[in-house]
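Colleague:
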Amino acid sequence: MSRTARNSLKLSFMTMVSRVLGLVRDHYQAVFFGTGPIAAFWEIAYMLPNMLRNLLAEGVLSQSFIPIYSEALKNGKTEAAQTAGAIIGFLILFLTGIVAAGIAVFPVFLPIYVGKPLAEIGLLLYLSQVLFGFILAVSLTAIFSGIAQTHEHFIFPSLSPILLNITFISGFLALLAFDFEQSINAKILGWVVLIGGFLQLLVQIGYVATKGWMPKIHLNLKDRSLRRIFSLMGPAVLGASVFQLNQLMDIALASYFIENTGAIPALRFAHRLIQLPTGIIGVALSTTILPALSALIRSGKNDQSATEVVEAVGFALFLTLPAAIGFIFLGPWIIHLLFHGGEWTVYSTYLTWSALQFYAIAIPIYSCNKILTSSFYAYQDTKTPVKILFITVVVNLISNLILIHSLEQGGLALSTAISSTVNFVLLNRALKKKMGNLPYKELARSLIRLLPAIIVLIGLLLTIEYISPYPLTNLNTDQLPVVSYRQAIVVVVGGVGFGAVFYLLIAYFSKATQIRIITDAVSKKLRK
């Protein structure tokens with residue numbers, strides 16, 4: 012097995028550990044706050060720095076930093092330390108200014124954003140001001156992680172989200188020993204998250220220092236590396252900001268048009284659930300396809316690159332279609348199993364399910380969009396996906412305004428699914444102009460072979476739904492059954508386990524293309 016393959020497996024394992032710990036964190040958050048007003052305040056306050064984290068720290072900043080640092084490293088450790096130090100020095104100045112400005116502006120911004128007077132949102136203001144400092148810690152962590160990754164040390168940087176989740180969970184567990192009011196718990200947890208952010212930064216700094224890679228931090232606004240990193244980050248940040256704008260818009264509309272404050276945490280919990288399959292499958296495929304496509308495009312092999320894209324889309328559909336079906340039919344059970352207890356009631360399950368069912372529809376689309384967007388990056392075209400995203404923002408806004416009145420938080424989730432589908436169609440159309448004909452006829456044939464497996468899976472889950480105390484046709488505010496953890500475990504484990512076995516077996520006997528590729532690869536490995 013190659014070093015790249017070994018590193019990929021290790022990183023996949025660490026990502027899985029982080030996702031599992033994230034679910035544990037979400038469980039305790041649900042138990043402590045449920046879907047009440049304080050849960051809504053927490054979600055908004057935590058969302059704001061996380062939006063900036065998604066813009067700067069996760070992906071965009073490190074991906075822009077690594078090529079610059081790597082090039083400097085070719086000229087020696089001294090130049091690399093100077094380059095990294097100049098970037099870090101500027102980031103400390105810039106992000107400190109952003110944090111200070113945010114803290115100062117929140118008393119004016121938040122009442123407008125949530126449509127409530129400042130006197131009613133004192134806790135939201137407090138949490139937002141405390142948590143906003145998180146962006147400084149996590150952005151600097153991304154740089155120090157990027158230094159380690161450039162030196163081909165991948166495992167330690169991947170510990171950062173795990174450490175943050177452990178800190179978060181430890182805070183919840185410590186609070187179980189006390190009987191504080193929810194508002195006090197929320198304030199304490201705000202500081203726990205901030206401390207966790209700086210703790211992961213200190214750990215990464217310590218690791219880089221012990222390896223002898225410590226940058227020489229200084230402030231030089233004329234350093235050419237600053238201009239280069241901004242030129243690389245610009246289009247990517249713009250694209251990411253469009254996506255974050257959709258999230259901001261959804262929460263604002265929920266605040267203004269939905270009376271029930273539980274709509275906001277319900278939306279956030281549902282969205283985090285669908286990020287499990289899309290985050291693991293979509294990101295994995297989009298990450299691995301990028302270098303392969305780049306090589307094919309440089310060689311002028313457009314036909315092969317088109318085939319590569321469609322095959323990746325086929326794999327995404329093969330893996331995410333059953334995930335989407337599972338969430339649609341087992342959604343209430345999954346929510347109950349993960350979150351029920353404490354302040355989380357059966358009504359909280361209903362609110363979250365009303366959003367999850369619509370988010371789940373587009374799980375395959377979300378994953379495919381990641382692959383198509385990576386295909387444009389292989390052409391070094393970052394502008395086209397951004398232009399298309401602007402169109403989807405308009406579609407999302409119009410859909411939100413139409414659907415929110417009848418479906419409430421479900422309407423916001425359905426609008427996201429609709430705009431993502433529009434994004435998929437437009438990305439395909441634009442990519443076809445670059446690659447020529449995309450062989451979707453072959454994909455259609457493979458999906459037809461997959462159809463029996465999908466039908467059997469739906470039939471199995473419909474049977475479970477029919478005999479369960481959470482029948483989807485009766486899941487509403489007037490009839491909310493109470494079920495035990497044992498029942499939930501049996502239904503979820505049984506549904507997922509039997510569903511996966513039947514799906515894979517029937518796909519195998521139907522000679523589905525994707526399962527054949529998997530079995531051929533496994534056979535080759537076993538023969539070696």
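Going by my numbering, the sequence shown opens with residue 12, and the numbers climb by one from there. Glycine included, C-beta positions come from ideal geometry on N, C-alpha and C. These figures come from a predicted structure and were not determined experimentally.
By Cβ distance below 8 Å, which residues in the same chain neighbour ILE285 in space, the five residues on each side in sequence not counted?
Modeller: The residues are PHE338, LEU367, TYR370, ALA371, ILE374, TYR377.
Colleague: Can you tell me whether TRP224 is helix, strand or coil according to DSSP?
Modeller: Coil at TRP224, not helix or strand.
Colleague: State the CB to CB distance for the pair LEU121 and LEU136, rounded to an integer number of angstroms; the pair is presumed to be in contact (CB under 8 Å).
Modeller: Yes, they are in contact, since the Cβ atoms of LEU121 and LEU136 sit about 6 Å apart, within 8 Å.
Colleague: Can you check which of these residues, PHE435, PRO463, GLY100, is closest to PRO396 by C-alpha distance?
Modeller: Checked all of PHE435, PRO463, GLY100; the closest Cα to PRO396 is PHE435.
Colleague: Mind reading off the beta-carbon distance from VAL42 to TRP355? Whole number of angstroms is fine, and I expect it under 8 Å.
Modeller: About 6 Å separates the two Cβ atoms, so the contact holds.
Colleague: If you follow the alpha helix (DSSP H) that GLY421 is part of, which residue opens it and which one closes it?
Modeller: First-last of the alpha helix (DSSP H) with GLY421: 420 to 446.
Colleague: Would you call the stretch 401 to 409 and the stretch 338 to 353 in contact, with 3 or more CB pairs under 8 Å?
Modeller: No, because fewer than three Cβ pairs between the stretch 401 to 409 and the stretch 338 to 353 fall closer than 8 Å, the two stretches do not touch.
Colleague: When DSSP builds the beta bridges, which residues end up paired with TRP355?
Modeller: DSSP lists GLY352 as partners of TRP355.
Colleague: As a quick exercise: from LEU129, GLY33, GLU163, pick the residue whose alpha carbon is nearest that of LEU174.
Modeller: Out of LEU129, GLY33, GLU163, GLY33 has the C-alpha closest to the C-alpha of LEU174.
Colleague: For PHE329 versus GLN525, is the C-beta spacing smaller than 9 Å?
Modeller: Going by C-beta atoms, PHE329 is nearer than 9 Å to GLN525.
Colleague: Going by Cα to Cα distance, which pick from ASN411, THR474, LEU471, HIS38 is closest to PHE268?
Modeller: Closest by alpha carbon: ASN411.
Colleague: Compute the Euclidean distance between the alpha carbons of LEU307 and ILE55, then round it to the nearest angstrom.
Modeller: The alpha-carbon atoms of LEU307 and ILE55 are separated by roughly 44 Å.
Colleague: Let me know if GLU322 comes out buried or exposed under the rule of 16 or more other beta-carbons within 10 Å of its beta-carbon.
Modeller: By the 10 Å Cβ count, GLU322 comes out buried.
Colleague: With respect to the alpha helix (DSSP H) encompassing LEU461, which residues constitute its N-terminal and C-terminal limits?
Modeller: First-last of the alpha helix (DSSP H) with LEU461: 451 to 478.
Colleague: Only counting the same chain, and skipping five residues up and downstream in sequence, which positions put a Cβ closer than 7 Å to that of ILE114?
Modeller: Hits under 7 Å: GLN140, PHE143.
Colleague: Drop a sphere of 10 angstroms on the beta-carbon of TYR477, count the other beta-carbons inside from all chains shown, and report buried for 16 or more, exposed for fewer.
Modeller: Flag for TYR477 reads exposed.
Colleague: Please determine, among ILE399, PHE76, CYS379, GLY182, the residue with the shortest C-alpha to C-alpha distance to ILE154.
Modeller: Minimum Cα distance to ILE154 is reached at PHE76.
Colleague: Taking contact to mean 3 or more Cβ pairs, one atom from each stretch, closer than 8 Å, check whether the stretch 441 to 456 and the stretch 413 to 427 are in contact.
Modeller: Output reads no: the stretch 413 to 427 does not touch the stretch 441 to 456.
Colleague: Is the beta carbon of ASP392 within less than 8 Å of some heavy atom of the ligand MN?
Modeller: Judged by which ligands are present, the structure shown has none, so any question about the ligand MN falls away.
Colleague: So, are the CB atoms of LYS222 and HIS164 less than 9 Å apart?
Modeller: Contact: yes.
Colleague: Excluding five sequence neighbours on each side, which residues of the same chain lie with their C-beta closer than 6 Å to the C-beta of GLY546?
Modeller: Since the first residue shown for the chain is 12 and the last is 539, residue 546 is missing from the structure and cannot be characterised.
Colleague: May I have the straight-line CA-CA distance separating ALA511 from PRO333, to the nearest angstrom?
Modeller: In a straight line, the C-alpha of ALA511 is about 8 Å away from that of PRO333.
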